[in-house]
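First up is the structure itself, then whatever we jot down about it.
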Amino acid sequence: MNTSGPDPRTSLNAARRERELAALPGEVVDVLVVGLGATGAGAALDAASRGLSVAAIDAHDLAFGTSRWSSKLIHGGLRYLASGQVDVAHESAVERDALMRRTAPHLVRALPFVLPLTPLVSPAQAALAHAGMRAGDLLRLAARTPRSVLPRPRRLSAVETLRLAPALRPHGLRGGLLSWDGQLADDARLVTALARTAAGHGARVLTRCRAVELTGDGALVRDELTGREFTVRARAVVNAAGVWAGGLVDGVRLRPSRGTHLVLRAETLRGLAAGMHVPIPGGGARFVLVLPQGDGRVYVGLTDEPADGPIPDVPEPTEGEIGFLLDVLGSALDVPVRRSDVAGAYAGLRPLLDRGHGRETADISRRHAVLTSRDGVITIVGGKLTTYRRMAQDAVDAAVRGRGLRAGPSRTARLPLVGAAPRARLDALHAPSRLVQRYGVEAPLLAALGGDDPALMEPVVAGLPVTGAELAWGMLHEGALDAGDLLDRRTRIGLVAADREAALPFAKGLFSRTALH
3 MNTSGPDPRT SLNAARRERE LAALPGEVVD VLVVGLGATG AGAALDAASR
53 GLSVAAIDAH DLAFGTSRWS SKLIHGGLRY LASGQVDVAH ESAVERDALM
103 RRTAPHLVRA LPFVLPLTPL VSPAQAALAH AGMRAGDLLR LAARTPRSVL
153 PRPRRLSAVE TLRLAPALRP HGLRGGLLSW DGQLADDARL VTALARTAAG
203 HGARVLTRCR AVELTGDGAL VRDELTGREF TVRARAVVNA AGVWAGGLVD
253 GVRLRPSRGT HLVLRAETLR GLAAGMHVPI PGGGARFVLV LPQGDGRVYV
303 GLTDEPADGP IPDVPEPTEG EIGFLLDVLG SALDVPVRRS DVAGAYAGLR
353 PLLDRGHGRE TADISRRHAV LTSRDGVITI VGGKLTTYRR MAQDAVDAAV
403 RGRGLRAGPS RTARLPLVGA APRARLDALH APSRLVQRYG VEAPLLAALG
453 GDDPALMEPV VAGLPVTGAE LAWGMLHEGA LDAGDLLDRR TRIGLVAADR
503 EAALPFAKGL FSRTALH
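3 is the number of the first residue of the sequence shown in the numbering used here; add one for each residue after it.
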């Protein structure tokens, strides 16, 4: 097999993990980051790109927690503007602009959204929604995002609305409202790009390493593959463990909220060409999102329910939440989606900070917070996927100030992630467009993997475009250590149980072929 690959400094694999893990106990790093979701991987990149020595660990895998369960959207902050959180809304729009134009244009694209004006949407509600979209366009302007990236919102006729969303019920449809926002090719792929970019700047990115105990100057760490425990010494410690952060540091109070999505086959919605905002009957300005993914799947979400009790490694949707989403979707469709049409479902937990006001989780602010424990551990909680970069910057700023580290200002607002390039260069690449949208300038290297083994360019599962080359690449260069890493995070095959089962033998076979290691 042709194993040509990227810059070796950005390549993560089992052999590199073993080397770096062996060297770590004898050193003192500037920053230890615990948690490798978007914020943790972002903090590792922020610190490493400032010239600090960094070790970043996770008990499981890259994007194992909340960062793989999102709606895969990069929001401009309209929802927060509607609730009076002007600063949060502006921050979201600014971070969206950075991702779409500088740091990850290969991973984030503009997605049109239709809000269908069904009989359930009164003229007053439609006017309010249209005003909100115009306000969102002002956020775009304030963030200096050009219209060539995010076009202006406008009204649609009923014919135009049905052309974009053919599954809508035509009876009583008055038209629609068209708006635009950012869509990630995949949230877990964003985390992978962050981790690899951090590694390229010298960070040690180590999965399957659990922080057993945290202090202000390091952690007791257990290698989950061998059971060996060792101490990592650090001048500063950043706790970016998301919903699990409170279990590592005293005094961190969270109110996790569960967001559930359905996974449908694209044909169920008759070739949806845009996202949809489907109003929740009686829900005020809240909507269910319908999100075409371009891989034969559509996501429908999301709920906002308090998640009480112990925090599971993998949250599970409830039948009540699935039924709720189907009911809301059915309120707008010509033919309702049945429970048997649901190919899969997933749930994620938002790490919302409990500020003691006793509000519903849907109403809790999405502002992030940087907290410092008595012994100096920096904890970053709250926030959302879109603003991961700012959260990471604020956490590292706090570590630099609080621990007296010598480092310059953050560089990440303009630092391209692995695979990023200007849009013109991405569009000129000689590689399948689907690979370009997920791997950017590395897409031709993935295509080259099939040079010696054409079977790698074939889909792994019938009906899905994911190829064997993508799984091989995940093992060779993206730190995947087992089949679960490949199927559930480097690709999203595992969101549908039947697809996962069909792909499992191929994924396991990759790790048994010594030529790949």
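Ideal Cβ placement from N, Cα and C applies to all residues, glycine included.
In this structure, DSSP gives Thr270 a helical state, which the three-state scheme calls helix. Restricting attention to alpha helix (DSSP H) runs no shorter than 4 residues, the region 407-463 encloses them at 425-429, 435-441 and 445-450, ordered along the chain.
As the crow flies, the alpha-carbon of Ala371 is around 41 Å from that of Gly177. The beta carbons of Val110 and Leu186 sit closer together than 8 Å. Shown here, Phe508 sits in a helix according to DSSP, grouped into three states. Closest in alpha carbon position to Thr41, among Thr194, Ala457 and Ala430, is Thr194. For the options Ala17, Tyr390 and Leu478, the alpha carbon positioned closest to that of Ala65 is the one of Tyr390. Using a Cβ distance threshold of 8 Å, Val234 and Ala221 count as a contacting pair. Thr262 is bridged by DSSP to Ala349.
Look at Glu226 here: in three-state DSSP terms it is coil, with no helix or strand label.
The region 178-240 contains, as complete beta strand (DSSP E) runs of 3+ residues, the segments 178-186, 206-208, 211-217 and 220-225 (chain order). Note: Phe326 is not bridge-paired with any residue in the DSSP secondary-structure output. Here the C-alpha atom of Leu448 lies approximately 11 Å from the C-alpha atom of His479. Remark: fewer than three beta-carbon pairs, one from each stretch, lie closer than 8 Å, so the region 194-206 and the region 119-138 are not flagged as touching. For the pair Glu22 and Val33, the Cα-to-Cα distance works out to about 15 Å.
Note on geometry: alpha-carbon atoms of Leu417 and Arg237 lie some 25 Å from one another.
Beta-bridge partners of Met278 (DSSP): Val116 and Val292. Proximity of the region 59-77 to the region 98-107 meets the contact definition, three or more beta-carbon pairs being nearer than 8 Å. Counting only residues of its own chain and dropping the five nearest sequence neighbours on each side, Gly496 has a CB closer than 7 Å to the CB of Leu489, Asp490 and Arg502. Counting along the chain, Ala57 sits inside the beta strand (DSSP E) bounded by residues Val56 to Ile59. In this structure, the beta-carbon distance from Leu14 to Ala197 falls below 8 Å. Sequence-distant Cβ neighbours of Ala61 in its own chain, meaning closer than 6 Å and more than five residues away, are Arg212. Distance from the CA of Met102 to the CA of Ala126, rounded to the nearest whole angstrom, comes to 33 Å.
Short of 8 Å from the beta carbon of Pro283, and not among the five residues preceding or following it, lie these beta carbons of its own chain, in chain order: Leu122, Val330 and Ser333. Residue range Ile380 to Gly384 is occupied by the beta strand (DSSP E) that includes Val383. With contacts defined as CB atoms closer than 8 Å, Leu179 and Leu158 qualify as a contacting pair.
A direct Cα-to-Cα measurement between Tyr301 and Leu80 gives close to 21 Å.
The shortest C-alpha to C-alpha distance from Tyr441 to any of Leu451, Val420, Asp454 and Leu458 is the one to Val420. Only exposed fits Thr228, as fewer than 16 other CB atoms lie within 10 angstroms of its CB. The C-alpha of Val463 lies about 41 Å from the C-alpha of Ala397. Straight through space, the alpha carbons of Glu321 and Ala349 are spaced by roughly 12 Å. Within the model, the alpha-carbon separation for Leu140 versus Ile380 is close to 35 Å.
Using a Cβ-Cβ distance cut-off of 8 Å, the region 337-355 and the region 253-261 are in contact, since at least three pairs of beta carbons, one from each stretch, lie closer than that value. Across the structure, Phe232 and Asp487 are spaced so that their CA atoms are roughly 25 Å apart.
In the three-state scheme derived from DSSP, where H, G and I count as helix and E and B as strand, Gly244 is classed as helix. In the three-state reduction of the DSSP assignment, Arg104 falls in the helix class.
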